[in-house]
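The block underneath contains the structure these notes are about, expressed in C-alpha cells.
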Amino acid sequence: MELHDLMKQLQVKNYSKIVLLVADGLGGLPLQPGGKTELETALTPNLDALATGGTLGLSTPVLPGITPGSGPGHLGLFGYDPLQFQIGRGVLEALGIDFDLGPNDVAIRGNFCTLDAQGIITDRRAGRIASEIGAKLCAKLDQIKIPGVEIFVRPVKEYRLVVVFRAPGLGGDVEDTDPQKTGVPPLAPVGNDAPSKKTAEIAAEFLKQAREVLKNDAPANFFTMRGIDKKPQIPTFEEVYGLRAAAIAVYPMYRGLARLVSMQVLDAGQTIDDQCSRLAQAWNDYDFFFMHYKYTDSTGEDGNFAAKVERIEQLDAAIPNITKLKPDVLIVTGDHSTPSKMKSHSWHPVPVLISAAMCRTDACTSFGEAQCLTGGLGQFPAKYLMSLAMAHAGRLEKFGA
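Just so you know, the numbering used here puts 77 at position 77 of the sequence shown, and the rest follows in order with no gaps.
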C-alpha cells in the first residue's frame, strides 16, 4: 500500500493544530573537527526548552548521500516521496508568483545573465540587477511573438524570471540552457522526447529573439533557462491528510511548493515576526500551518558561519510567538543541510524537533546535530515526518485489527 493511501485510510478529524516551522538549510557542520555546528553554537533557549520536553531526531531528505534541492527537500517534509514526485523549478517559480498553470503550459525558470561580445557568460546573475530593472526587461521579452504559441514572461525577483509557453502537444523534458558556470556560452535547449523537442524548438526561437531584444541592456543582455517542466498531477494535502493547510512563506519558490499541494498561501510581510503575526491572525481558520524561514540557508550558502548563527538566534527569539498559540504539535526542522563550511546544500541528515503532549521524551536537553543523533526519533526518511505529525496530533486511527 502506498503511504498516501494509508494516510487517507487512517486519517481522522479533530480540533488539533499542527505547525511545521522549516528553517531552510538548518543543518550544518563544525568549522573544525570536534567543534560545534552553527545550530550548536547559537544561543537558543527557546528551542532548547522545546527539545527538553519534546523528542529529537535526524531526517534524510531523499536517500543517504544524496544532496537535495529545495523542491525535493520540502516535498519530503510534506510527505510526498521526492523520488516519485519530481517537479521542475520552473513550475514552482510560476506557482510561487500566482501564475495558474494549465495542461498545455510549460514553465521555465530564467536567470538574466551577462554575455560578452563573443557570447560568453561573464556573470550568471547579471550583477544581481534590481527587481525594478528585471520587471522592465520582462515586459520587453513579453512582446516576443511565435506563431501558434502563447508566451508569458513574468518577473520573480532581481535577476529571476518565469517564462511560460502555452500550446498543445508540448513536453517538459528539456535540458537546461544554464551551464552553471562562467567562461562558456549558454547551452542550446535539447528535448529528450518528441513533445519536448517541440518545446525545445520554441525555446530556441524565443532565445534567438531575446538575444536581439536585450542586446543593449547590459549587464542583463541575455538570460538562461532552468527547470523546464509541466505541472504534474499531484494529490492535494487535504486529500491525503484531511487537513486545512495554510502556508506562510516569503519567497516565491516556497509559496509555489505550497500551492503545488493546494495549501492556501497567505501574505505575511518579510520578517519572521510578520509571519508569526499572520499565523496568529489565521489561527482559527486552518488545521495545519507551514512556516518557512529562508535566512539560515542564504547565510550558509554565503559561507558566513557567524551570520547563520545569528539568523538561528533570531528564529529562536520568535518561538514564543508560536508557542503562545498552544499548537498541539510544533515541528522545527529544515528541508536540507547547508553548512557554511561548504557554501552549498549537502547530504547531511537534518535536525528534527517534535514538541507535543504525546511525545515520548528523550534525554536531549538542547537542539543541535549531536543531540539529535541520540534522540528518540532516531534517523528516518523525511517523507515520514507528516505521519509522525498526524500521530502526535491524534489524527490517525489504528492500522489493522
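The beta-carbon is built from N, C-alpha and C at its ideal position, and this holds for glycine as well. Every value quoted in this text rests on a predicted model; they were computed, and no experiment measured them.
- Assigned with DSSP and collapsed to three states, residue 360 falls in coil, not helix or strand.
- When 134, 177 and 198 are compared, the shortest CA-CA separation from residue 147 is found for 198.
- Judged by their CB atoms, residue 26 and residue 43 are not nearer to each other than the 9 Å cut-off.
- Restricting attention to beta strand (DSSP E) runs no shorter than 3 residues, the segment 335-383 encloses them at 350-356 and 378-381, ordered along the chain.
- In this structure, 175 is the residue among 131, 81, 75 and 175 with its C-alpha nearest to the C-alpha of residue 204.
- The beta carbon of residue 180 is closer than 8 Å to those of 124 in its chain, skipping five residues each way along the sequence.
- Shown here, residue 167 sits in coil according to DSSP, grouped into three states, outside any helix or strand.
- 9 Å or more divides the Cβ of residue 80 from the Cβ of residue 111.
- Distance from the CA of residue 4 to the CA of residue 73, rounded to the nearest whole angstrom, comes to 18 Å.
- If the five residues before and after residue 372 are omitted, its C-beta is found closer than 7 Å to the C-beta atoms of 56, 57, 58, 351 and 352, all from its own chain and listed in chain order.
- By DSSP's assignment, residue 123 forms a beta bridge with 114.
- No residue range can be given for residue 149, since it is assigned to no beta strand (DSSP E) and is classified by DSSP as neither H nor E.
- Here residue 78 is near residue 237, since their CB atoms are less than 9 Å apart.
- Beta bridge pairing from DSSP links residue 229 with 107.
- Each of 30, 278, 276 and 356 was checked against the Cα of residue 52, and the nearest Cα belongs to 356.
- For residue 102, same chain residues with a beta-carbon under 6 Å away, outside a window of 5 residues either side, do not exist.
- Rounded to the nearest whole angstrom, the CA to CA distance from residue 136 to residue 248 is 28 Å.
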